[in-house]
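Engineer: Going by UniProt numbering, the letters in the sequence shown line up with residues 1 to 661, in that order.
Got a structure for you, written out below as structure tokens; questions coming shortly.
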Amino acid sequence: MTATLQPPRPDATRTRAPSRIIIEGVTPQIDAGRFPIKRTEGESVVVGADVFAEGHDVIRAVLRHRFGDEPWVETPMTPLGNDRWEASFTLDRIGRFSYTVEAWVDRFASWRDEVSKKAGAGQDIASELLEGAEIVRQASSRAEGHAVRWLAERADAIGGDGGQAHRTSLALDPQLAELMDRFPDRSGGHRFEPTLEVIVDPVLARFGAWYEMFPRSAATEPGRHGTFRDVEARLPYIAGMGFDILYLPPIHPIGRSFRKGPNNTLTPGPGDPGSPWAIGAPEGGHRDVHPELGTMADFDRLVAAARDHGLKIALDIAFQCSPDHPYVREHPEWFRHRPDGTIKYAENPPKKYQDIYPLEFDGPDWKGLYEELRDVFLHWIDHGVTVFRVDNPHTKPFRFWDWCLAEVKRRCPEAIFLSEAFTRPKLMKRLAKGGFTQSYTYFTWRNDKRGLTEYLTELTTTECREYMRPNFFANTPDILHEYLQTGGPAAFKVRLVLAATMAAAYGIYGPPFEQCVGTPIRPGSEEYLDSEKYQVRYWNLNAPGNLTGLIVRVNQIRRQHPALQSDGSLRFHHIDNDALIAYSKTTPDRSDVILVVVNLDPFHTQTGWTFLDLEELGVHGGGPFTVHDLISDARYHWDGPANFVMLDPHHMPAHIFHVSR
Numbered sequence: 001m002t003a004t005l006q007p008p009r010p011d012a013t014r015t016r017a018p019s020r021i022i023i024e025g026v027t028p029q030i031d032a033g034r035f036p037i038k039r040t041e042g043e044s045v046v047v048g049a050d051v052f053a054e055g056h057d058v059i060r061a062v063l064r065h066r067f068g069d070e071p072w073v074e075t076p077m078t079p080l081g082n083d084r085w086e087a088s089f090t091l092d093r094i095g096r097f098s099y100t101v102e103a104w105v106d107r108f109a110s111w112r113d114e115v116s117k118k119a120g121a122g123q124d125i126a127s128e129l130l131e132g133a134e135i136v137r138q139a140s141s142r143a144e145g146h147a148v149r150w151l152a153e154r155a156d157a158i159g160g161d162g163g164q165a166h167r168t169s170l171a172l173d174p175q176l177a178e179l180m181d182r183f184p185d186r187s188g189g190h191r192f193e194p195t196l197e198v199i200v201d202p203v204l205a206r207f208g209a210w211y212e213m214f215p216r217s218a219a220t221e222p223g224r225h226g227t228f229r230d231v232e233a234r235l236p237y238i239a240g241m242g243f244d245i246l247y248l249p250p251i252h253p254i255g256r257s258f259r260k261g262p263n264n265t266l267t268p269g270p271g272d273p274g275s276p277w278a279i280g281a282p283e284g285g286h287r288d289v290h291p292e293l294g295t296m297a298d299f300d301r302l303v304a305a306a307r308d309h310g311l312k313i314a315l316d317i318a319f320q321c322s323p324d325h326p327y328v329r330e331h332p333e334w335f336r337h338r339p340d341g342t343i344k345y346a347e348n349p350p351k352k353y354q355d356i357y358p359l360e361f362d363g364p365d366w367k368g369l370y371e372e373l374r375d376v377f378l379h380w381i382d383h384g385v386t387v388f389r390v391d392n393p394h395t396k397p398f399r400f401w402d403w404c405l406a407e408v409k410r411r412c413p414e415a416i417f418l419s420e421a422f423t424r425p426k427l428m429k430r431l432a433k434g435g436f437t438q439s440y441t442y443f444t445w446r447n448d449k450r451g452l453t454e455y456l457t458e459l460t461t462t463e464c465r466e467y468m469r470p471n472f473f474a475n476t477p478d479i480l481h482e483y484l485q486t487g488g489p490a491a492f493k494v495r496l497v498l499a500a501t502m503a504a505a506y507g508i509y510g511p512p513f514e515q516c517v518g519t520p521i522r523p524g525s526e527e528y529l530d531s532e533k534y535q536v537r538y539w540n541l542n543a544p545g546n547l548t549g550l551i552v553r554v555n556q557i558r559r560q561h562p563a564l565q566s567d568g569s570l571r572f573h574h575i576d577n578d579a580l581i582a583y584s585k586t587t588p589d590r591s592d593v594i595l596v597v598v599n600l601d602p603f604h605t606q607t608g609w610t611f612l613d614l615e616e617l618g619v620h621g622g623g624p625f626t627v628h629d630l631i632s633d634a635r636y637h638w639d640g641p642a643n644f645v646m647l648d649p650h651h652m653p654a655h656i657f658h659v660s661r
């Protein structure tokens, strides 16, 4: 059977023919424009597009962009060849920008090009000059000011009865071309749809160092429950190490029902504090503070004191409840009930969490629940907190996060949300697309050269770089990787340098990290022995063998070198020993170039030869250059791509080189 092709049916409402312009391959965009890309204040968006039409007419294209509902701003796009066009715009404010591409056939430029060629070949162009006169006359009707009369008179002269040479000269006059560019005919143009968006966050969303600590373990003497005042006293220590964000696990009242004891036992003693993630008690819920930590006034004072030290407070937001949470009594419809009427507690079989009730996001009052949880964020924003680490977001509906985060960002554009989702890759990426500012990653489980190289290449060179900002935590209260359990202080040094130089945003859970605490509850477990999640700990900040000095130096290096303050320039360099990894970061103009070499073996000295991409390092044409180790202050004079390195992990397992000619 042969199909008969039918012509498209005419559209009676259309006043002119469909546009001849094709616009496709627009970048950057996420899922055909469904989700916005991400940038931080001061960065640029480079927009590319394939723009073309049939034939040989001259095409013009512009990048249209605007902030919020402000008027559109246009930037001419530059042709790169093969019908690819490009332009960029700078994001000068926090908030939401829109952008798109518009293009049209430039009738005058196409005509001018034709006339120039024919006149140059000595051909008769009388008819073409009449055609051009009409194009210019139409432009006079679009023009403004003195250009209206000037273009009308020029149209008359080009189409008049003067000599052809003179009229051709008038037609090809550069001043005419300039005015025609100012008042183009876009009637046959096309604009790309849908309009694309970019969310602009504060710089802290891209570059910052996080320090996590439990307030209840901040006391200056053993045996006492810490308070907000104790945390305030520790601020000089944290700020002195060069951190930007102090992240606190949940600070809310802790439930008493089914409270867990030390090391997650089911038999707590009368003085055991329970898990901070079992949120809610008679004293209050997600908008309240645990009485043993202090009052809300004490918390407000802590936030202000942190600000004076150059720190922001980040709070853990965990949308789950203890059986004692006021929500359980006041809103039973917000929880899932078993057939026997009891509320279903959290489980991760075979593990049971009787001290936690999950919320039911599909219940009859889902709208009321959504609004209440949004208002939890807004409550803490009113108390000066704009940075949030969100616990287990992958166990809540994506539609909730899409709505909630957009609502909060609309009211507080500078808010930052860190997604704590160690889950399947597509879930992690979908959370990032849906509005989370930063994302936990698989960095903890990438400890060899191949794993690190493949994972970092994915994060920094594929589409996910447009929406998923990695935050490399070297350890967390939940995860003590075997590498840290067995590798001793050298392993902690390795992971510190990797986290702080591979990712512009990184964090540590202290004081266990700087004190190289690596004892698990049992072999094969990633849980800490005597975890702070279930008991109060005392920490001697001056304990011998701590890494405080190295942490200070690494954070100083990060602040002094712009190359380390973003992720897009990360490139790996070959080195002939799989126990060694080499990579670089640069600023766009190569004014700051950092080369890092790390020994991934925490037990043995390793040696190797580098094979560096010198062009990537800004060393054009080869020749000698200097690498300055910013940790040891040693300087080495290298020549060419092949250079010998030797790293003893028990001394210092890494070089952080500044490269210069």
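Where a beta carbon is used, it is the ideal one built from N, C-alpha and C, also for glycine.
In this structure, does DSSP put Val645 in helix, strand or coil?
Structural biologist: If DSSP states are grouped into helix, strand and coil, Val645 belongs with the strands.
Engineer: Spatial neighbours of Pro641 within its chain, please: C-beta separation below 6 Å, excluding the five flanking residues on both sides.
Structural biologist: Result list for Pro641: Phe611, Leu612 and Leu614, in chain order.
Engineer: Between the alpha carbons of Ala147 and Val62, how many angstroms are there, rounded?
Structural biologist: Cα to Cα, the separation comes out at about 23 Å.
Engineer: With Glu407 as the anchor, note down where its alpha helix (DSSP H) starts and where it stops.
Structural biologist: Here the alpha helix (DSSP H) through Glu407 covers Phe398 to Arg411.
Engineer: Does the beta-carbon of Gln565 have 16 or more other beta-carbons within 10 angstroms, so that it is buried, or is it exposed?
Structural biologist: Buried is the call here.
Engineer: Can you give me the C-alpha to C-alpha distance between Leu498 and Gly524, rounded to a whole angstrom?
Structural biologist: Each residue's alpha carbon lies about 24 Å from the other.
Engineer: Which word fits Leu266, buried or exposed, when buried means at least 16 other C-beta atoms lie within 10 angstroms of its C-beta?
Structural biologist: Under this definition Leu266 is an exposed residue.
Engineer: If I follow the unbroken alpha helix (DSSP H) through Thr548, where does it start and stop?
Structural biologist: Start and end: Thr548 to Gln560.
Engineer: Starting from the Cα of Gly310, find the closest Cα among Ile238, Tyr534 and Pro350 and give me that residue.
Structural biologist: Considering only alpha carbons, the answer is Ile238.
Engineer: Tell me where the alpha helix (DSSP H) around residue 665 begins and ends.
Structural biologist: Any answer about residue 665 is impossible in this case: the structure gives the chain only from 1 up to 661.
Engineer: Excluding the 5 residues preceding and the 5 following Lys312 in the sequence, name in chain order all residues of the same chain whose CB lies nearer than 6 Å to its CB.
Structural biologist: Excluding positions up to five away in sequence, the list reads Ile245 and Val387.
Engineer: For a test of the three-state rule: what should DSSP assign to Asp382, helix, strand or coil?
Structural biologist: DSSP places Asp382 in helix when its eight states are reduced to three.
Engineer: Given this structure, state the Cα-to-Cα distance separating Trp403 from Leu378, to the nearest angstrom.
Structural biologist: Rounded to the nearest angstrom, the two C-alpha atoms are 14 Å apart.
Engineer: Starting from Gly81, trace the beta strand (DSSP E) both ways and give me its first and last residue.
Structural biologist: Its beta strand (DSSP E) spans residues Thr78 to Gly81.
Engineer: Assuming Ala152 and Ser140 are in contact, meaning their beta carbons sit under 8 Å apart, how far apart are those beta carbons, in whole angstroms?
Structural biologist: So it is a contact: roughly 4 Å between Cβ atoms.
Engineer: Give me whichever residues DSSP pairs with Tyr583 in a beta bridge.
Structural biologist: Beta-bridge pairing links Tyr583 to Phe572 and Val596.
Engineer: Enumerate in chain order the residues of its own chain whose CB-to-CB distance from Arg374 is below 6 Å, with the five nearest sequence positions on each side excluded.
Structural biologist: Taken in chain order, the residues that qualify are Cys404 and Glu407.
Engineer: On a CA-only basis, which of Val105, Gln354 and Thr501 is nearest Arg60? Give me that one, please.
Structural biologist: For Arg60, the nearest C-alpha among the options comes from Val105.
Engineer: Which parts of the region 255-319 are runs of the beta strand (DSSP E), unbroken and 3 residues or longer, counting only runs that do not cross its ends?
Structural biologist: The qualifying runs are 312-317.
Engineer: Would you grab the beta carbon distance between residue 688 and Pro273 for me? Rounded to a whole angstrom, and I think it's under 8 Å.
Structural biologist: With the chain running from 1 to 661 in the structure shown, residue 688 is simply not present.
Engineer: Along the alpha helix (DSSP H) that carries Trp150, what are the first and last residues, could you check?
Structural biologist: Looking at the DSSP string, the run of the alpha helix (DSSP H) that includes Trp150 is His146 to Ile158.
Engineer: If you follow the alpha helix (DSSP H) that Leu170 is in, where does it begin and where does it stop?
Structural biologist: That run of the alpha helix (DSSP H) goes Gln164 to Ala171.
Engineer: Indicate the three-state DSSP secondary structure (helix, strand or coil) for Gln485 in the structure shown.
Structural biologist: Gln485 falls in the helix class under three-state DSSP.
Engineer: In whole angstroms, give me the CA-to-CA distance for Ala233 and Ala305.
Structural biologist: Using only the alpha carbons, I get a separation of about 9 Å.
Engineer: Is DSSP giving Phe513 helix, strand or coil here?
Structural biologist: DSSP places Phe513 in coil when its eight states are reduced to three.
Engineer: Return the chain-ordered ranges of every alpha helix (DSSP H) run that is complete within the region 90-155 and spans a minimum of 4 residues.
Structural biologist: Those alpha helix (DSSP H) runs which fall completely within the region 90-155 and span 4+ residues are 107-120 and 126-142.
Engineer: Taking the beta carbon of Gln606 as the centre, do at least 16 other beta carbons fall within 10 Å, making it buried, or is it exposed?
Structural biologist: Under this definition Gln606 is a buried residue.
Engineer: If you compare alpha carbons, which of Ile135, Lys433 and Lys429 is closest to Thr441?
Structural biologist: Comparing Cα positions, the closest option is Lys429.
Engineer: Starting from Tyr357, follow its DSSP beta bridges and name the residues at the other end.
Structural biologist: Paired residues: Cys321.
Engineer: Specify, as a first and last residue, the run of the beta strand (DSSP E) that Tyr636 falls within.
Structural biologist: Segment Arg635 to Asp639, the beta strand (DSSP E) holding Tyr636.
Engineer: Check this for me: beta carbons of Gly189 and Ser19, under 8 Å apart or not?
Structural biologist: Yes, they are a contact pair.
Engineer: The beta strand (DSSP E) that contains Tyr237, what's its start and end?
Structural biologist: Counting along the chain, Tyr237 falls outside any beta strand (DSSP E), though it belongs to the alpha helix (DSSP H) covering Phe228 to Gly240.
Engineer: Which term fits Tyr538, buried or exposed, when burial requires 16 or more other beta carbons within 10 angstroms of its beta carbon?
Structural biologist: Flag for Tyr538 reads exposed.
Engineer: Would you kindly check if the distance between the Cβ of Pro470 and the Cβ of Ala503 is under 8 Å?
Structural biologist: In contact: Ala503 and Pro470 (Cβ atoms closer than 8 Å).
Engineer: Considering only the beta carbon of each residue, do Phe228 and Leu293 sit closer than 8 Å?
Structural biologist: Their beta carbons are under 8 Å apart, which means Phe228 touches Leu293 by this criterion.
Engineer: What does the alpha-carbon distance come out to for the pair Pro174 and Ser187?
Structural biologist: Approximately 23 Å between the Cα atoms of the pair.
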